[in-house]
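Taking numbering that gives the first Met the number 0, the leading residue of the sequence shown gets 0, the next gets one more, and so forth.
To keep things clear, I will list the structure first and then write my remarks on it.
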Amino acid sequence: MSSLLDPLSHLILHPYLNTLLKVLATTTGRDKLQRGVQYYARLLAWVYARAGRIEDSKKWEGVKGVFGNARKVLRMFKFLEHLQSALRLSASAASSRGTDWAQITQIARQVGYAGFLFFDHVAWAAGVRLINLSKGTQERVNKLSQRFWLAGITLSLVHAGQRFSQIRAEKRRLLATTASSTSSSEKGTPEAEKKVRMSSLRAEHAAVRTQLVQDALDIWLPASNLGIAEVGDGFAGLAGTITSAMGFYAAWQKAAGGK
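What follows is the structure, encoded as structure tokens:
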């Protein structure tokens, strides 16, 4: 009996499964997984529709709808998290000297995401008849939600550009102090401290670059919903699948301890 259970116990106690369970224990992890399924279903529905397989296309349209609604329930009250983040960042900005535009765009981005989620919840509640809204009002709420989403992503892109500039400036400063300290007898920042800071800047640069790629793909989704850009279901499904996979991988790395 033990010989039969051994492979099973190894599988159940496998480190990868432990990490997966840690990811799925978080709202972010579950949302990224469900978002990936939702957009992959959208992509498959488009592929089958193009191939003339209407029944298969309808099946995947149904899957897309189920996971889309599930995500709305899962993210209930998540807009409050973004409002809290905006308030904390505002308090931090108020205590610092000067105007940090990267920080300001980060605050505005959090407000944008909070507005998107709040009005998305209102539209969902109206859709399932929890609240009574006229058809016209419901359409306006949907558009308002998409505008906040678009604003949040746009501000995130601006924030990424500003952080890239700040990171480059700090790298140049560290390299300059290293050069001056080696060419003179003056004591600058300790070498070990510089290496740690440079490593931290490289990690932040990589994180900002990843977020930039995600935002550059995601921005087409609200832009398409608002009629600003013409994006088909195929591209939207593919873009959403890619960014969901990137988000899930980031959550995986965090759960695995950054390995």
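Backbone N, C-alpha and C fix where the C-beta goes; we use that ideal spot for every residue, glycine too.
For residue 18 and residue 192, the rounded distance between their alpha carbons: Your numbering for residue 192 matches position 193 in the sequence shown. Your numbering for residue 18 matches position 19 in the sequence shown. Near 32 Å, if we compare the C-alpha coordinates of residue 18 and residue 192.
Residue burial classification, residue 282 (beta-carbon count within 10 angstroms, cutoff 16): Outside the displayed range of the chain (0 to 258) lies residue 282, so it cannot be described from this structure.
Integer-rounded CB distance, given that residue 236 should sit under 8 Å from residue 45: Residue mapping note: residue 45 aligns to position 46 of the sequence shown, counting from 1. Residue mapping note: residue 236 aligns to position 237 of the sequence shown, counting from 1. Residue 45 to residue 236, Cβ: 6 Å. Contact.
Whole-angstrom distance between residue 47 and residue 233, CA atom to CA atom: Reading the sequence shown from its first residue, position 234 is the one you call residue 233. Reading the sequence shown from its first residue, position 48 is the one you call residue 47. Cα-Cα distance, rounded: 11 Å.
Integer-rounded CB distance, given that residue 161 should sit under 8 Å from residue 104: For this step, residue 104 is matched to residue 105 along the sequence shown. For this step, residue 161 is matched to residue 162 along the sequence shown. Correct: roughly 6 Å between the Cβ atoms.
Proximal residues to residue 82 (C-beta, below 7 Å), its chain only, five neighbours per side dropped: What you label residue 82 is simply residue 83 of the sequence shown in a count that begins at 1. Within the same chain, residue 82 has close Cβ partners 113.
Enclosing alpha helix (DSSP H) for residue 260 [first to last residue]: Because the chain here runs from 0 to 258, residue 260 falls outside it and cannot be looked at.
Residue 91, DSSP secondary structure in three states: Position 92 of the sequence shown, counted from the start, is the residue given in the question as residue 91. The answer is helix: DSSP assigns residue 91 an H, G or I state.
C-alpha distance - residue 171 paired with residue 155, whole-angstrom precision: The sequence position of residue 171 within the sequence shown is 172, counting from 1. The sequence position of residue 155 within the sequence shown is 156, counting from 1. Between residue 171 and residue 155, the C-alpha separation is close to 24 Å.
Cα-Cα separation between residue 125 and residue 67, rounded to whole angstroms: As a position in the sequence shown, residue 125 is number 126, starting the count at 1. As a position in the sequence shown, residue 67 is number 68, starting the count at 1. Taking the straight line from one Cα to the other gives about 15 Å.
Nearest neighbour of residue 163, chosen from 123, 206, 219, 121 [CA to CA]: For this step, residue 163 is matched to residue 164 along the sequence shown. Nearest C-alpha to residue 163: 206.
Classification of residue 252 by the beta-carbon crowding that lies within 10 angstroms, buried from 16 upward: Against the sequence shown, residue 252 aligns to sequence position 253. Result: exposed.
Reduced DSSP secondary structure (H/G/I, E/B, other) of residue 77: Taking the first residue of the sequence shown as position 1, residue 77 is located at position 78. Residue 77: coil per DSSP, three-state reduction.
Span of the alpha helix (DSSP H) around residue 190: The residue you call residue 190 lines up with position 191 of the sequence shown. Where residue 190 is concerned, the enclosing alpha helix (DSSP H) stretches over 190-217.
Pairwise C-alpha distance: residue 73 and residue 184: Indexing the sequence shown from 1 puts residue 184 at position 185. Indexing the sequence shown from 1 puts residue 73 at position 74. Because the pLDDT at residue 184 is just 48, under 50, the model does not fix this residue reliably, and the point stays unresolved.
DSSP three-state assignment for residue 53, whether helix, strand or coil: The sequence position of residue 53 within the sequence shown is 54, counting from 1. Residue state, collapsed to three classes: helix.
Whole-angstrom distance between residue 8 and residue 14, CA atom to CA atom: If you number the sequence shown from 1, residue 14 lands on position 15. If you number the sequence shown from 1, residue 8 lands on position 9. Cα to Cα, residue 14 sits roughly 12 Å from residue 8.
Nearest-angstrom beta carbon gap, residue 102 and residue 86 [assumed within contact, 8 Å]: The sequence position of residue 86 within the sequence shown is 87, counting from 1. The sequence position of residue 102 within the sequence shown is 103, counting from 1. Contact flag wrong, Cβ pair sits at about 13 Å.
Residue 59 to residue 138 span [Cα, whole Å]: Here residue 59 is taken as the residue at index 60 of the sequence shown, counted from 1. Here residue 138 is taken as the residue at index 139 of the sequence shown, counted from 1. Rounded to whole angstroms, residue 59 to residue 138 spans 25 Å at the Cα level.
C-alpha distance - residue 150 paired with residue 92, whole-angstrom precision: As a working mapping, residue 150 is identified with position 151 in the sequence shown. As a working mapping, residue 92 is identified with position 93 in the sequence shown. Note on geometry: alpha-carbon atoms of residue 150 and residue 92 lie some 21 Å from one another.
Environment of residue 194 [buried if 16+ CB atoms lie within 10 Å]: Counting from 1 along the sequence shown, the entry for residue 194 is found at position 195. Exposed: under 16 other Cβ atoms inside 10 Å.
Test item: CB-CB of residue 63 and residue 41 under 7 Å: Here residue 63 refers to the residue found at position 64 of the sequence shown. Here residue 41 refers to the residue found at position 42 of the sequence shown. Yes, they are a contact pair.
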